[in-house]
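Input: a single structure, listed below in structure tokens.
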Amino acid sequence: MYSRKSWDPCLDAAAKAVFEKCREGDSPLYCEETGWPEDANEKDVLSWFAQLTEDLAAFVEKHQQDPKARRRPLAQPDQPLQGSTADRKLDVGFVDNPKAMKDLKCHWSQIL
Numbered sequence: 001m002y003s004r005k006s007w008d009p010c011l012d013a014a015a016k017a018v019f020e021k022c023r024e025g026d027s028p029l030y031c032e033e034t035g036w037p038e039d040a041n042e043k044d045v046l047s048w049f050a051q052l053t054e055d056l057a058a059f060v061e062k063h064q065q066d067p068k069a070r071r072r073p074l075a076q077p078d079q080p081l082q083g084s085t086a087d088r089k090l091d092v093g094f095v096d097n098p099k100a101m102k103d104l105k106c107h108w109s110q111i112l
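full-length UniProt numbering puts the last residue of the sequence shown at 112; the count rises by one with no breaks.
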């Protein structure tokens, strides 16, 4: 496991606790060397990432007493970003729309 000196011992302890929780159960959110798409093609990786992000967000909501508004993953390779002054395309990002689906058109300012 990656090791570093933490600047915040409380944050470090919380991160370790979350990581351990993610490894528990019959269908853990994290299990080394599993889940990554076999071919690692763009479409499968983006789908895998979107699902993993959703699962992690659901995990947080379940364990957090005061859930905040959350962003959803949005994967739109080869789609131009609306409102961008340059010809930019989004591979994957997070949008501040809890009902975002993959065909949603978002203004660039909504995407993290």
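The C-beta atom is built at its ideal place from N, Cα and C for all residues, glycine as well.
What are the start and end residues of the beta strand (DSSP E) that includes residue i?
i	result
residue 9	It is not in any beta strand (DSSP E) - residue 9 instead sits in the alpha helix (DSSP H) that spans 9-22.
residue 73	72-75
What do you reckon, are the CB atoms on residue i and residue j nearer than 9 Å?
i	j	result
residue 29	residue 46	no
residue 92	residue 72	no
residue 56	residue 22	yes
residue 42	residue 80	no
Just how far apart, CA to CA, sit residue i and residue j?
i	j	result
residue 58	residue 26	17 Å
residue 20	residue 14	10 Å
residue 36	residue 85	35 Å
residue 61	residue 74	19 Å
residue 54	residue 97	13 Å
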